[in-house]
Amino acid sequence: MARRLRGTEETGEGLGGDPGDGPGMPGDQRRSAVYSTDGPMTAVHPGDGPGTLRTYARRWLFLLAVSLLSCSNAMLWLSFAPVADAIAQHFLLSTEQVNWLSLIYFVVAIPGGIAAIWVLDFVGLRAATILGSWLNFVGSALRALPCVAVGIPSPFAFFMAGQSLCALAQTLVIFSPAKLAALWFPEHQRATANMIATMSNPLGILVANLLSPALVKKGEDIPLMLGVYIIPASLACLLSSACIWEGVPPTPPSTGAASSTSEKFLPGLWLLLRNKAYIILAVCFGGGIGVFSSFSALLEQILCASGYSNEFSGLCGALFIVFGILGALILGLYVDRTKHFTEATKIGLCLASLACVAFSLVAQLQGQAIALAAICSLLGLFGFAVAPVAMELAVECSFPVGEGAATGLVFVLGQAEGMLIMVLLTVLTVPRTEPSFSTCQHGKDSLDWTVSLLLLAGLCALFTCALVLFFHTPYRRLQAESEGLPAPRTPSLTPKPPPEAPQEAPQEVPALPAPLEAPQTLQDCDQGHV
Numbered sequence: 001m002a003r004r005l006r007g008t009e010e011t012g013e014g015l016g017g018d019p020g021d022g023p024g025m026p027g028d029q030r031r032s033a034v035y036s037t038d039g040p041m042t043a044v045h046p047g048d049g050p051g052t053l054r055t056y057a058r059r060w061l062f063l064l065a066v067s068l069l070s071c072s073n074a075m076l077w078l079s080f081a082p083v084a085d086a087i088a089q090h091f092l093l094s095t096e097q098v099n100w101l102s103l104i105y106f107v108v109a110i111p112g113g114i115a116a117i118w119v120l121d122f123v124g125l126r127a128a129t130i131l132g133s134w135l136n137f138v139g140s141a142l143r144a145l146p147c148v149a150v151g152i153p154s155p156f157a158f159f160m161a162g163q164s165l166c167a168l169a170q171t172l173v174i175f176s177p178a179k180l181a182a183l184w185f186p187e188h189q190r191a192t193a194n195m196i197a198t199m200s201n202p203l204g205i206l207v208a209n210l211l212s213p214a215l216v217k218k219g220e221d222i223p224l225m226l227g228v229y230i231i232p233a234s235l236a237c238l239l240s241s242a243c244i245w246e247g248v249p250p251t252p253p254s255t256g257a258a259s260s261t262s263e264k265f266l267p268g269l270w271l272l273l274r275n276k277a278y279i280i281l282a283v284c285f286g287g288g289i290g291v292f293s294s295f296s297a298l299l300e301q302i303l304c305a306s307g308y309s310n311e312f313s314g315l316c317g318a319l320f321i322v323f324g325i326l327g328a329l330i331l332g333l334y335v336d337r338t339k340h341f342t343e344a345t346k347i348g349l350c351l352a353s354l355a356c357v358a359f360s361l362v363a364q365l366q367g368q369a370i371a372l373a374a375i376c377s378l379l380g381l382f383g384f385a386v387a388p389v390a391m392e393l394a395v396e397c398s399f400p401v402g403e404g405a406a407t408g409l410v411f412v413l414g415q416a417e418g419m420l421i422m423v424l425l426t427v428l429t430v431p432r433t434e435p436s437f438s439t440c441q442h443g444k445d446s447l448d449w450t451v452s453l454l455l456l457a458g459l460c461a462l463f464t465c466a467l468v469l470f471f472h473t474p475y476r477r478l479q480a481e482s483e484g485l486p487a488p489r490t491p492s493l494t495p496k497p498p499p500e501a502p503q504e505a506p507q508e509v510p511a512l513p514a515p516l517e518a519p520q521t522l523q524d525c526d527q528g529h530v
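Just so we're aligned: 86 in UniProt numbering is position 86 of the sequence shown, and the numbers increase by one with no gaps anywhere.
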C-alpha cells in the first residue's frame, strides 16, 4: 500500500491504488477517515486500504534541517553589512563593493528563483534541500579562502563568488517551507510548520546583526568572523545530507498531499498567470515584501539622518524581527485552528500599514526614541507575522499547482519590487537645507528622507487596499481534502458545472383505437354493429 501511495503522490492521481478503484476511495470510506494529532492517521473501515493517512515523527527532524539551513543562509547574507567599514579597510575595498556583497542576493534571486521553482517541483524536496545546503556550505567556505590562503590578488572576487553561491542556495531554501509543510504535515499543523521554517530566516538576520559586531573589533578579527559563520552552514549541510533520506512520506498525511506537485513546470506557471486571485496576492504581498525589505535595508540611514545612533537603529531592527517572530508564532497557531487565511492576511496588512504611516511621520522627528521603538515593534508584529500565512494562502488559492511554484513566484516578485522600491527611495532623497542633527558617519551630506518615507507609506497603503478590496478566493486545497478527493491533474481555474444528461427525443405513442359503440337495436345488430 505504501508503494502505491508514494506513486499516487508523485503523479497527482487519486488515492486509489488499483486502476479499477477510480479517482479515489469510495465516499463512505472517505468520510470515515479519522485524523490523529500525534500518532498515525487511521481509517475506521476494515483493513489498511488505500485511504489510510499517516504522519511520521521524522517530519520534525526534516523541519529542523530546513530551518537551520534557512537561518544559516540569512546569517551569511547579512554578515558583512554590520562591519562594512572594517571589511573595506582591511581588504582595501570601497563601501559600494561591500554593499554589493549583500545586494547580490537580490540580483540572483530573480533568475535563480525561476530555476529553483523548477528544481523544487520537478526534482523534488529532498534533492533541492541537499543541493541548497551544499551551495550554502561551499559559498561560506569560499568566502573565508582569502583569509587562509597566501597571495590572493583579489579577495573581493572570492567574496562575491561565495555570496553568489549562497544567493543561489537562498532561492532553494526560501521556497522549501511550504513544500515541506504540504508533503509531511497534516492540515492542522501546516501553518505552524511553515511559520517555524519561514521565521528562521529573519532569526538568522537578527543573529548576524548581533554576532558580526561582537566578533569584529578590528580588522584582524575578520577571519574569525568568517570561520564562525562556516559552523552553522556545515551543520545544516550535514543534517540535510544525512537526515533527509526521502522527499515524500510513504503514506501522505492528508488527501491534499497525495496530489502535491501535480503540475509540470510550464503548465503550472501558465495556470498561475491565469489565476486572477493569485496574481492579486502575488503583486500585493510581493509589494509588501519589497516595502519591508527596503525598511530593513535603509533603517540605519533613515534614523541617523534624524540624529539617532547606530546602536538605537540596531535596537529598532532587533525589535522589528523579534516581535515579527512572536507575531508569526501567534498567528500561525491561530490560523492552524481556524483556517482564516484571508482574514488574517488582510487584517495583519492593514495594521502594518498603519504602523508604516506612523513610522514615516515619527522618524523625521528628533527625540522620539520610545515612540520609534514601539512603532518598529508593531510593524514587525503585524507585518512580519503575515508572511508565512500569506505563503500558505498562495498555496490554497493556486492548488493543485506545486507549492514551490506558488510560493516561489511571490518571492521573485517581492525581490523585483524590493529592488525597484529601494532605488526609488534612495533617488528621492535630497540634501537637507536646514541645520542637521545627523549622526551618519559615511562622510556624505545629511539627507532629507521626507518624500521617500511618504512614498514608502503610500505604497504600503496602496498594496494593502488593493488586496483588501480585490482579493477573494476559495481554499482549493482545503476543499479537496474535505471532499476526500485530490484535485484533477489539469484543473480549470473556475469550477465547471457537471454535464447535463442527454435528453432523449420524445417518442410518439400510437393512438388507441376508438371504443366500439354498443348496439342500440336489433336492426343495428343485423347491420353489423356487433
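Each residue gets a CB set at the ideal place from its N, CA and C atoms; glycine is no exception.
Status (buried if at least 16 other CB within 10 Å, exposed otherwise) for residue i
i: Glu343; result: exposed
i: Leu379; result: buried
i: Arg143; result: buried
i: Cys243; result: exposed
i: Ala116; result: buried
i: Val423; result: exposed
i: Ser254; result: buried
i: Gly383; result: buried
i: Val430; result: exposed
i: Ala181; result: buried
i: Trp60; result: exposed
i: Pro388; result: buried
i: Val216; result: buried
i: Gln415; result: buried
i: Ile330; result: exposed
i: Phe292; result: buried
Cα-Cα separation, residue i to residue j
i: Asp336; j: Pro250; result: 24 angstroms
i: Gly139; j: Leu172; result: 14 angstroms
i: Leu76; j: Leu211; result: 11 angstroms
i: Asn99; j: Phe106; result: 12 angstroms
i: Tyr475; j: Phe399; result: 8 angstroms
i: His340; j: Leu420; result: 32 angstroms
i: Lys218; j: Phe320; result: 28 angstroms
i: Ile302; j: Arg58; result: 45 angstroms
i: Trp118; j: Gly268; result: 10 angstroms
i: Leu203; j: Ala178; result: 18 angstroms
i: Pro146; j: Gly247; result: 37 angstroms
i: Ala193; j: Asp448; result: 42 angstroms
i: Gly124; j: Cys304; result: 46 angstroms
i: Thr464; j: Gly307; result: 31 angstroms
i: His188; j: Ala406; result: 20 angstroms
i: Trp270; j: Ile280; result: 15 angstroms
i: Leu459; j: Leu238; result: 42 angstroms
Residues near residue i in its chain [Cβ-Cβ closer than 6 angstroms; skip 5 each side]
i: Leu78; result: Ile205, Ala208
i: residue 577; result: Any property of residue 577 remains undetermined from this structure, which presents the chain solely from 1 to 530.
i: Ala167; result: Ile104, Tyr105, Val108
i: Ala74; result: Asn201, Gly204, Ile205
i: Cys397; result: Ala277, Tyr278, Thr473
i: Asp121; result: Thr261, Gly402, Gly404, Ala405
i: Ser102; result: Ala81
is_contact[residue i, chain B] using C-beta, thresh 7 angstroms
i: Gln479; result: The question asks about chain B, but that chain is absent: this structure has only one protein chain.
Closest Cα partner of residue i within the set the options
i: Leu393; options: Gln415, Val423, Lys346, Gln364; result: Lys346
i: Gln89; options: Leu269, Glu220, Tyr56, Pro388; result: Glu220
i: Val412; options: Ala390, Leu351, Leu53, Ile289; result: Ile289
i: Val148; options: Gly227, Gln368, Ser133; result: Gly227
i: Leu131; options: Val362, Ile114, Leu165; result: Leu165
i: Val322; options: Leu381, Leu183, Ser452, Gly367; result: Leu381
i: Thr52; options: Met195, Pro252, Leu215, Val283; result: Pro252
i: Tyr229; options: Ala191, Gly162, Gln366; result: Gly162
i: Ala373; options: Thr338, Leu425, Leu333, Ala318; result: Ala318
i: Ala466; options: Leu273, Cys284, Thr338; result: Cys284
Anticipated Cβ contact below 8 angstroms, residue i with residue j, distance rounded
i: Ser67; j: Ala197; result: 5 angstroms
i: Val386; j: Leu409; result: In fact, because the Cβ distance is near 18 angstroms, the residues do not count as touching under 8 angstroms.
i: Ser176; j: Ala128; result: 7 angstroms
i: Ser133; j: Ser296; result: Actually they are not in contact, since the Cβ atoms of Ser133 and Ser296 sit about 25 angstroms apart, beyond 8 angstroms.
i: Pro213; j: Pro82; result: 5 angstroms
i: Gly286; j: Glu483; result: At roughly 31 angstroms, the Cβ-Cβ gap does not stay under 8 angstroms, so Gly286 and Glu483 are not in contact.
i: Asn199; j: Ile325; result: Note on identity: in this sequence residue 199 is Met, with Asn being the wrong assignment. Between Ile325 and Met199 the Cβ distance is about 5 angstroms, and since that is below 8 angstroms, they are a contact.
Proximal residues to residue i (C-beta, below 7 angstroms), its chain only, five neighbours per side dropped
i: Glu300; result: Asn310, Ser313
i: His472; result: Ala277
i: Ile375; result: Ala355, Ala358, Phe359, Val362
i: Pro46; result: The predicted position of Pro46 is uncertain, since its pLDDT is 36 and thus under 50; a value taken from the coordinates is nonetheless stated next. Within the same chain, Pro46 has no close Cβ partners at all.
Residues of its chain near residue i, where Cβ-Cβ distance is below 8 angstroms and the 5 sequence neighbours each way are ignored
i: Trp245; result: Arg126
i: Phe158; result: Leu142, Arg143, Leu145, Pro146, Ile152
i: Phe156; result: Phe91, Leu93, Gln97
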